[in-house]
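Q: In the working numbering, the protein residues as written are 86 to 1024.
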Amino acid sequence: MPGLARKIIICAAVDGLVIQPLSSKGQKPFQPIKIRYSDAAVSNVSRAQVPDTSKPDTSFEAFGVVGLVTISRLSYLVTITRRRQVAQILGHPVYVATEVAVTPCSAQTEAERSIQSTSLHLKQRAPHSLEEEYQSSDDDIEPSQPTAEPDDPLEDHDDANSDSARSSIVEDVIRKRGSYGRFAQRWFSRGGWTMDQQRTMGLSVSPKQSSAAPATSSVPAQIEEKTAPTPPPVSSLLPKLLRTLQILFGTSQSFYFSYDVDITRKLGKKVEFPNDDLAPCAHVDSMFFWNRNILQPFMNSSQESICLPLMQGFVGQRSFRVDSHPPQVDHHAQDSVELCTLSPTGSVPASPPTERDQESAELRSSERSYLLTIISRRSTKRGGLRYLRRGVDEDGFTANSVETEQILSPANWTTSSRTYSFLQIRGSIPLFFTQTPFSLKPAPVLQHAAETNFQACKKHVERLEATYGDVQIVNLVERHGIEEPLGSQFERSVERLKKEATGSHDLAFEWFDFHRACRGMKFENVSILLLKLKDKLEEMGSTVYQDGESQTEQKGVVRTNCMDCLDRTNVCQSSFAKHMLEVQLREEGFDLSAQLDQTTSWFNTVWADNGDAISKQYASTAAMKGDYTRTRKRDYRGALNDLGLSLTRFYNGMVNDYFSQATIDFLLGNVTANVFDEFEADMMTKDPAVSVMKMREQAIELCQRRVVADETEEFHGGWVLISPHSTDAVKSWPMEEIVLLLTDVALYLCRLDWNSDKVSSFERVELSNVTEIRVGTYITSTISPSHMDETKNIGFVVSYEPGKSHVKRTNTRTLSSSDDVKQQQDAADLKDASQAPTLVSMISGRSKSSPIRKVAFKAPYTSSSAVTIGNAPQQTESQLVTSICGEIERLAREQQPPKENESSQALLVTGDIISLEEAKRNTGLLEQLGHSIKRLVWA
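Next comes the structure, spelled out in structure tokens:
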């Protein structure tokens, strides 16, 4: 590729960092590169201006650029410093990233220090060259410790000979991956908590302290240089974010890449990267391109040649040998991992072969060696973690959507031989539903109306049919209990789709109650499901490639799901895959039933590894039922292991997943960096796929249709605001979102069940009875800086005298918007209280001497982490409140004509509703303690 021989300086995205290829002899892009820092002028840089890299520890080698992360106006370059080969496709290696370096780019001092530290770390961990290490590495090599704190006492640069003086006890404690390790690092370090707090706040630290930073230090202090401006304010969550980056892209070992082949597409679809001027980023499938957003700064600067596309999921490979004419005596059985023979059952592995047996086996012409490769690709659409990403979004993308490809190929990948590819997919039930993480077995809550769910399900199925052809759905949830409502709604949606189908694709639905069928740990009963789908699987077939062309195409795909799409799904998918492997080998002339060696532990192992990888990426633990997937046996030890995994998932769901989800959304470009400010304020994350603006517009439309009784009333506006639970209160815990409607004669305060699109109650206030509208500061919490910002926490209180026309109604029946007939009936019930026997109506008629009542409203925060399209100016909280109150006052004046001989009294007044001082006094100890505990645990 032209231009790769020269040194590359990225000035638009990475100020001063030099990214230099190690070789200039026609090497492909994103091969091993060298990272260093240069203060040379970027505009007219030349080789003479490039700093000398011959000095030790001024640069380090990396195996690819992951991307550039910018937060709090600070940029960090993420590069792969360790990798491990996991497979080879068409003779080209495929790697998994095992460690990354996060290098600061905003200050020269910090960049040089981080580069030196990373270089030293790599030299300490790799006595030989990096390339030699990765060529000889195996699965048992322990990954690096990228989560170490910057004040790690084990990295003492002041005394190079201090290794013998280190405390073995302290080292053992810090090396532990337990929950106490992070605290021990701070307490046993020289700076203790003080230096960590300084780094968190972006303050300078002494050079002696800073020199102790480890190689992959991700919490650099922002040193103020003489020629540099004052460092910008740093988010207090920045250290946690940088640690999460190192864990996610490195230690988790869940991101795969190749320099030569495109692993984001199925075999035959542009497998090898073409030798053109376009970078591989232009060829890969964006659906599985996980670092596309953070590579965008390089692509915008025309530096695609150094961009390395990453795919999250799994890549595993095993070799095996089969015999078309097996002997009657078992004397050539091979090792179960590399040369074992397979069969439809799964017996005890045979004893290792002797040297003579191996020689005779090599001479047997009836034998053939194959490779089995499993590639699972996690979709970037609706990506995230277990309980925080469930179901479907408005565009039909489901959570935990994974495409799994099983490839059967000759061991030498010869093009003249046939290569088989069998695709399966998994994904969450394509309905809107949620589950709370605060329960071991939470009940799913179905959201929105049935029609809304059907439209999302329709989009999902249509996309599958357009991509794969026929779709066979396998639903593994329970037919009874808490999972049944979701499964039944899914089944009804599919039946309706089949009735309305106009295309040529076949859609089938199979509901297999996995728990009921496999009760008592009898997972072998999955064969019942396989027997039902056997003909369908063989009808869909596989994709066959030969001589570089596709001979046959797979005609459809099996879509399998349970609740999490992890444990039950992986057991069934491995069963389908094994059956198709038997069919493929039968076409090659190998009768598996005639094989003497019946062991298939290698097949079970690679599929169990696949299940563990997908489960760790979605639920933070290995897959349950993994013992059966590996051994095809199940006993009490496996059940006890599953109990431990359940408890671990429960803990992660409550503690770790919220911040990790915010990080994933940020890296994928679904939200802006404001998501961390929102997380710090509420210790929660929101689903960016759910359009808050659209939901509010739909809620206003629903309330207008259901609540406004008199059709002659002129509608002037509707808003979603925050309000206490009850009238005559200005604060409650928690506050709730309500819909405020304004007509020419009345105000309507509507409370909704947001999950089911129902109006639960409403209150009507005549504008003629309004006595005052107070606008001012409205602070309801002091647990975070954003809650105490007086410019953003604005609200108003409407005071009124209840009259005979004041109405308050509570709905005790379903006001579902899923049925048109029911909508009309419910609307009629709401409009005529005399014809609503199932509505509890409280109509208050009070005299003019009745006490004044108040309803309080607070403006929701208008700034959001959601990515917006377009540059339309956004209304501030103050502007929103001012416009609402101005309109209410104008219409109220029209309903209150001035009386003779009486001066007109102003309705709109200014005054604090809850001032900052009052809010501080009223913030309870329990509220402060609760937020402090959340921050300690989650942040």
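A virtual CB, placed ideally from N, CA and C, is assigned to each residue, including glycine.
None of these values were measured; they are calculated from a predicted model.
1) Might you give, ordered along the chain, the residues of its own chain that have their beta carbon closer than 6 Å to the beta carbon of A593, omitting 5 neighbours on each side?
2) Could you tell me if L616 is buried or exposed, where buried requires 16 or more neighbouring beta carbons within 10 angstroms of its beta carbon?
3) Determine the extent of the beta strand (DSSP E) in which C650 is found, giving its start and end residues.
4) Residue range of the alpha helix (DSSP H) that L525 falls in?
5) Taking the alpha carbon of P570 as the reference point, which residue from F608, F518, K584 and V777 has its own alpha carbon closest?
6) Can the beta-carbon of V850 be found closer than 9 Å to that of V805?
7) So, at 8 Å on beta carbons, what are the nonlocal neighbours of H177 in its own chain, with the 5 sequence-adjacent residues on each side left out?
8) Please confirm whether L827 and I973 have their CB atoms less than 9 Å apart.
9) Could you check what DSSP says for A693 in three-state terms: helix, strand or coil?
10) Going by Cα to Cα distance, which pick from S387, S705 and Q402 is closest to T336?
11) Taking 8 Å as the line, does the beta carbon of Q540 fall inside it for any heavy atom of the ligand ATP?
12) Leaving aside the five residues before and after C44 along the sequence, list all residues of the same chain whose C-beta is less than 8 Å from its C-beta, in chain order.
13) Nearest to V760 by alpha carbon, out of T188, L323 and S199?
14) Taking contact to mean at least 3 C-beta pairs separated by less than 8 Å, is the stretch 460-469 in contact with the stretch 621-636?
15) Between T504, R1006, Q631 and M665, which has its C-alpha nearest V643's C-alpha?
16) Does the beta-carbon of D480 have 16 or more other beta-carbons within 10 angstroms, so that it is buried, or is it exposed?
17) I'd like to confirm the pairing. Which residues does DSSP put opposite P495 in its beta bridges?
18) With DSSP as the reference, label M820 as helix, strand or coil.
19) Go through its chain and collect everything with a Cβ distance to D408's Cβ below 6 Å, but skip five positions before and after it.
20) If you draw a straight line from the alpha carbon of I514 to that of P809, how long is it in whole angstroms?
21) Please report how far the alpha carbon of S589 lies from the alpha carbon of N646, in whole angstroms.
22) Can you tell me whether H545 is buried or exposed? The criterion is at least 16 other CB atoms within 10 Å of its CB, across all chains shown.
23) Per DSSP, which one or two residues make a beta bridge with M74?
24) Under three-state DSSP, which class holds S700?
25) Please look up how many angstroms separate the CB atoms of A951 and V777, rounded, as I've assumed it's under 8 Å.
26) For R471 and F507, what's the separation of their Cα atoms in angstroms?
27) Within its chain, find whatever has a CB closer than 6 Å to the CB of E389; leave out the 5 residues flanking it on each side and keep chain order.
28) What are the start and end residues of the beta strand (DSSP E) that includes E184?
29) First and last residue of the beta strand (DSSP E) that includes A364?
30) Once you ignore the five residues that flank T500 on each side, which residues in its own chain have a CB closer than 8 Å to its CB?
31) With DSSP run on the structure shown, which of helix, strand or coil describes V163?
32) Can you tell me whether V1093 is buried or exposed? The criterion is at least 16 other CB atoms within 10 Å of its CB, across all chains shown.
33) Could you round the C-beta distance between M820 and T865 to whole angstroms and report it? I think they count as a contact, below 8 Å.
34) Please go through the stretch 856-894 and give each complete beta strand (DSSP E) segment of 3 or more residues, from N-terminal end onward.
35) Could you name the residues of the same chain whose beta carbon sits closer than 8 Å to that of C45, not counting the 5 residues immediately before and after it, in chain order?
36) Candidates K1005, F523 and T628: which alpha carbon is nearest T867's?
A: For this structure:
1) Numbered from its first residue, the sequence shown carries residue 593 at position 508. Counting only Cβ-Cβ distances below 6 Å, and skipping sequence neighbours, we find Q557.
2) Position 531 of the sequence shown, counting from 1, holds the residue named residue 616. In summary, L616 is exposed, with fewer than 16 beta-carbon neighbours lying within 10 Å of its beta-carbon over all protein chains present.
3) Counting from one through the sequence shown, the residue named residue 650 turns up at place 565. Careful: C650 lies outside any beta strand (DSSP E) and carries neither H nor E.
4) Within the sequence shown, numbered from 1, the residue matching residue 525 stands at position 440. No alpha helix (DSSP H) contains L525, which DSSP labels as neither H nor E.
5) In the sequence shown, the residue the question calls residue 570 occupies position 485. Ranking F608, F518, K584 and V777 by Cα distance to P570 puts F518 first.
6) Along the sequence shown, read from residue 1 onward, the residue named residue 850 stands at position 765. Along the sequence shown, read from residue 1 onward, the residue named residue 805 stands at position 720. Their beta carbons are not under 9 Å apart, which means V850 does not touch V805 by this criterion.
7) Position 92 of the sequence shown, counted from the start, is the residue given in the question as residue 177. Once the five neighbours on either side are set aside, the close Cβ partners of H177 are S343, Y344, D345, V346 and E357.
8) On the sequence shown, residue 827 is found 742 positions in, with the first residue counted as 1. On the sequence shown, residue 973 is found 888 positions in, with the first residue counted as 1. Yes, these two residues count as a Cβ contact at 9 Å.
9) On the sequence shown, position 608 is the one that residue 693 refers to. Residue state, collapsed to three classes: helix.
10) On the sequence shown, residue 336 is found 251 positions in, with the first residue counted as 1. The option with the nearest alpha carbon to T336 is S705.
11) The ligand content of the structure shown is nil, which means the ligand ATP is not present either.
12) One cannot answer for residue 44 here, as it falls past the ends of the chain, which runs 86 to 1024.
13) One-based indexing of the sequence shown puts residue 760 at position 675. Out of T188, L323 and S199, L323 has the C-alpha closest to the C-alpha of V760.
14) Result no; under three Cβ-Cβ pairs closer than 8 Å.
15) What you label residue 643 is simply residue 558 of the sequence shown in a count that begins at 1. The alpha carbon of V643 has as its nearest neighbour, out of T504, R1006, Q631 and M665, the alpha carbon of M665.
16) Within the sequence shown, numbered from 1, the residue matching residue 480 stands at position 395. By the C-beta density criterion, D480 is exposed, having fewer than 16 other C-beta atoms within 10 angstroms.
17) For the purposes of this step, residue 495 is taken as the residue at position 410 of the sequence shown. Answer is Y455, bridged to P495.
18) Taking the sequence shown and counting its residues from 1, one reaches residue 820 at position 735. Of the three classes helix, strand and coil, the one that applies to M820 here is coil, per DSSP.
19) The residue labelled residue 408 in the question sits at position 323 within the sequence shown. Here the set comprises S451 and E452.
20) As a working mapping, residue 514 is identified with position 429 in the sequence shown. As a working mapping, residue 809 is identified with position 724 in the sequence shown. Looking at the two C-alpha atoms, the distance is approximately 35 Å.
21) Taking the first residue of the sequence shown as 1, we reach residue 589 at position 504. Taking the first residue of the sequence shown as 1, we reach residue 646 at position 561. One C-alpha to the other measures close to 24 Å.
22) Against the sequence shown, residue 545 aligns to sequence position 460. Counting Cβ neighbours within 10 Å, H545 comes out buried, since at least 16 surround it.
23) Lying outside 86 to 1024, the shown extent of the chain, residue 74 is not represented and no answer is given.
24) For this step, residue 700 is matched to residue 615 along the sequence shown. In this structure, S700 counts as helix in the three-state DSSP scheme.
25) Here residue 951 refers to the residue found at position 866 when the sequence shown is read from its first residue. Here residue 777 refers to the residue found at position 692 when the sequence shown is read from its first residue. Confirmed, Cβ separation roughly 7 Å.
26) In the sequence shown, the residue the question calls residue 471 occupies position 386. In the sequence shown, the residue the question calls residue 507 occupies position 422. Between the C-alpha atoms of R471 and F507 there is a straight-line separation of about 27 Å.
27) Sequence index remark: in the sequence shown, residue 389 carries index 304 (1-based). The answer, listed in chain order, is A364 and C366.
28) Here residue 184 refers to the residue found at position 99 when the sequence shown is read from its first residue. Unbroken beta strand (DSSP E) run through E184: H177 to P189.
29) The sequence position of residue 364 within the sequence shown is 279, counting from 1. If you look at A364, you'll find it isn't in any beta strand (DSSP E); DSSP assigns it neither H nor E.
30) Mapped onto the sequence shown, residue 500 falls at position 415. So the list reads Q631, D632 and G633, once near-sequence residues are dropped.
31) Along the sequence shown, read from residue 1 onward, the residue named residue 163 stands at position 78. Strand.
32) This structure gives no information on residue 1093, because the portion of the chain shown stretches from 86 to 1024.
33) For the purposes of this step, residue 820 is identified with residue 735 of the sequence shown, where counting begins at 1. For the purposes of this step, residue 865 is identified with residue 780 of the sequence shown, where counting begins at 1. Rounded, the Cβ-Cβ distance is 6 Å, consistent with contact.
34) 879-885
35) An answer regarding residue 45 cannot be provided, because it is not within the stretch 86 to 1024 covered by the chain.
36) By one-based count along the sequence shown, residue 867 stands at place 782. Closest option to T867, Cα to Cα, is K1005.
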